[in-house]
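*Asks:* Residue numbering for the sequence shown follows the numbering used here, starting at 75 and increasing by one per position. First, the structure itself, so that you have it in front of you.
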Amino acid sequence: MPGDDQPAYDEALRVVLGELTPDRWGLAHLPEVPGRGATATMTGRALAIVAELGADLQPAGWRLTGFDSSGVDHRRARSLLAQDLDALEEQAQGYRGAFKIQVAGPWTLAATVERPRGDKVLADHGARRELAQALAEGLRDHVADVRRRLPEVERLIVQVDEPALPAVVAARVPTASGFGRHRNVDAPAASEALEWVLAAIEASGAEPWVHSCAAGVPWALLRRAGARGLSADLATLSAGDHDALAEAIESGGTLALGVLPGTDPASVPTDAQVTESVLRWLDMLGLDPAEVGERLVVTPSCGLAGATPAWAQTALRLLGKAAGHLAG
């Protein structure tokens, strides 16, 4: 969500809980407001959840510092997450229905966080294993904390964000020098790290989804790794992606489909137009909207952090109305 300070976070939480209520076909979530700084970005939030491993913030970005050796910015990231959860607990008292939280996945972290001695975690097999396992362990505690704060939530979803995964498996992540590329991660290794994380979510009583707004996502690999829901942006899908996602939803999985721009559009569509775009997609794949039911979720494309507050609220409202049309 947009904003660059704590009042903006409080407003984002108010909008999410107000617009995405179960009676409006909404899926409320714990918002992220990355404009508040590095401790609030996708990477900073995930490192705040990671167990045991410490990190600090360098000019080049986040860097691991070893076991239980957190820098001041890492401690600030953890403090900010706790503060945001306090605000959620206060504003969402008595909330029922489904609720979603999200975290950067093991491969996106490995491609963005540096080792203590330099270059990305991705370059070190042992380091990326430790980071993935620390993320899995931290998520167990995080899910338990959210459940304690929202005891009446009936269905808790954890969305694992993996925008860097296609680059990781295709050897497109640059080295620190910028002149080379890290070696690709093969499918068994990519799946293993995701399996640890998704299994930890499942074991905690939550539902694991995986989101990526990049092109070339290995959707079948994500399903084999344990993803019960997939999240994609319609504009980035290839013909092969369409088939893979149709197979996933026909097999009983959930699909969250990004159908509205994440930044202010030149002209605002109507809820009828949004609904029609989804129906055309379902028709192209031979899927019956009545049979898809609650296994299809409509979302903005890759988040709303770059939008104005007005468009962010309008987008959520439009999606709620479109979801109602699709369900009806």
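Glycine included, each C-beta is placed from N, C-alpha and C at the ideal position. Please read these numbers as outputs of a predicted model, since none were measured by experiment.
1) In the structure shown, what three-state DSSP assignment does Ala244 receive?
2) Under a Cβ-count criterion, where at least 16 other Cβ atoms within 10 Å of its own Cβ denotes burial, should Ser278 be classed as buried or exposed?
3) Short of 6 Å in beta carbon distance, which residues of its chain neighbour Val217, apart from the five on each side in sequence? Order them along the chain.
4) Tell me whether the beta-carbon of Ala238 lies closer than 7 Å to the beta-carbon of Arg257.
5) Compare the beta carbon distance of Ala308 and Ser265 with 7 Å and say whether it is the shorter of the two.
6) Kindly indicate which residue of Asp158, Ala156, Leu121 has the alpha-carbon position closest to the one of Gly145.
7) Specify the secondary structure class of Thr373 as computed by DSSP and reduced to three states.
8) What residue ranges within the segment 334 to 393 form continuous alpha helix (DSSP H) runs of no fewer than 4 residues, ordered along the chain?
9) With distance defined between alpha-carbon atoms, name the residue in Thr382, Gly380, Ala379, Val372 nearest to Ala396.
10) Alpha carbon to alpha carbon, how far is Arg221 from Val227?
11) Would you check if the segment 102 to 110 and the segment 124 to 134 touch, i.e. whether three or more CB-CB distances between them fall below 8 Å?
12) Please identify the residue among Ser325, Gln165, Leu205, Pro76 whose C-alpha is closest to the C-alpha of Arg137.
13) Please state if the CB of Glu236 and the CB of Gly179 are separated by a distance shorter than 7 Å.
14) Could I get the ranges of all uninterrupted alpha helix (DSSP H) runs contained in the segment 262 to 334, with 4 residues as the minimum, in chain order?
15) On the premise that Ala301 lies in contact with Leu272, defined as a C-beta separation below 8 Å, what is that separation, rounded to the nearest angstrom?
16) How is the alpha helix (DSSP H) around Val195 delimited, first residue to last?
17) Can you tell which of Ala389, Ala112, Gly118, Gly100 has the C-alpha that lies nearest to the C-alpha of Arg170?
18) Please classify Thr115: does DSSP put it in a helix, a strand, or coil?
19) So which of Ala208, Lys174, Gly360, Thr139 has the shortest CA-CA distance to Pro96?
20) With a 10 Å radius around its C-beta and 16 neighbouring C-beta atoms as the bar for buried, classify Arg191 as buried or exposed.
21) Measure the C-alpha to C-alpha separation of Ala389 and Arg298 and round it to an integer number of angstroms.
22) Per DSSP, which one or two residues make a beta bridge with Leu127?
23) Run through DSSP, which three-state label would Glu54 get?
24) Considering only the alpha carbon of each residue, which of Leu356, Ser375, Ala322, Glu365 lies closest to Asp338?
25) Three-state secondary structure (DSSP) at Ala161?
26) Please report the straight-line C-alpha distance between Ala208 and Arg149, rounded to a whole angstrom.
27) Kindly indicate which residue of Leu155, Gly360, Pro335 has the alpha-carbon position closest to the one of Gly380.
28) Considering only DSSP beta bridges, list what Arg255 is partnered with.
29) If you draw a straight line from the alpha carbon of Ala340 to that of Trp270, how long is it in whole angstroms?
30) Give me the residue from Arg98, Leu183, His399, Phe253 with the minimum Cα distance to Ile123.
31) Does the count of Cβ pairs from the segment 345 to 352 and the segment 310 to 317 closer than 8 Å reach three?
*Replies:* The answer reads as follows:
1) coil
2) buried
3) Counting only Cβ-Cβ distances below 6 Å, and skipping sequence neighbours, we find Ser278, Ala280.
4) no
5) It is Leu, not Ala, that sits at residue 308 in the sequence shown. No.
6) Leu121
7) strand
8) Listed in chain order, the complete alpha helix (DSSP H) runs (minimum 4 residues) inside the segment 334 to 393 are 345 to 359, 363 to 366.
9) Val372
10) 7 Å
11) no
12) Leu205
13) yes
14) List check, alpha helix (DSSP H) in window: 293 to 299, 313 to 324.
15) 6 Å
16) First-last for Val195: undefined, no H or E at that position.
17) Of the listed residues, the one whose Cα sits closest to Arg170 is Gly100.
18) coil
19) Lys174
20) exposed
21) 32 Å
22) Phe141
23) Here the chain covers residues 75 to 402 and nothing more, so residue 54 does not appear.
24) Ser375
25) helix
26) Taking the straight line from one Cα to the other gives about 16 Å.
27) Pro335
28) Paired residue(s): Pro248.
29) 42 Å
30) Closest by alpha carbon: Leu183.
31) Segments in contact, no.
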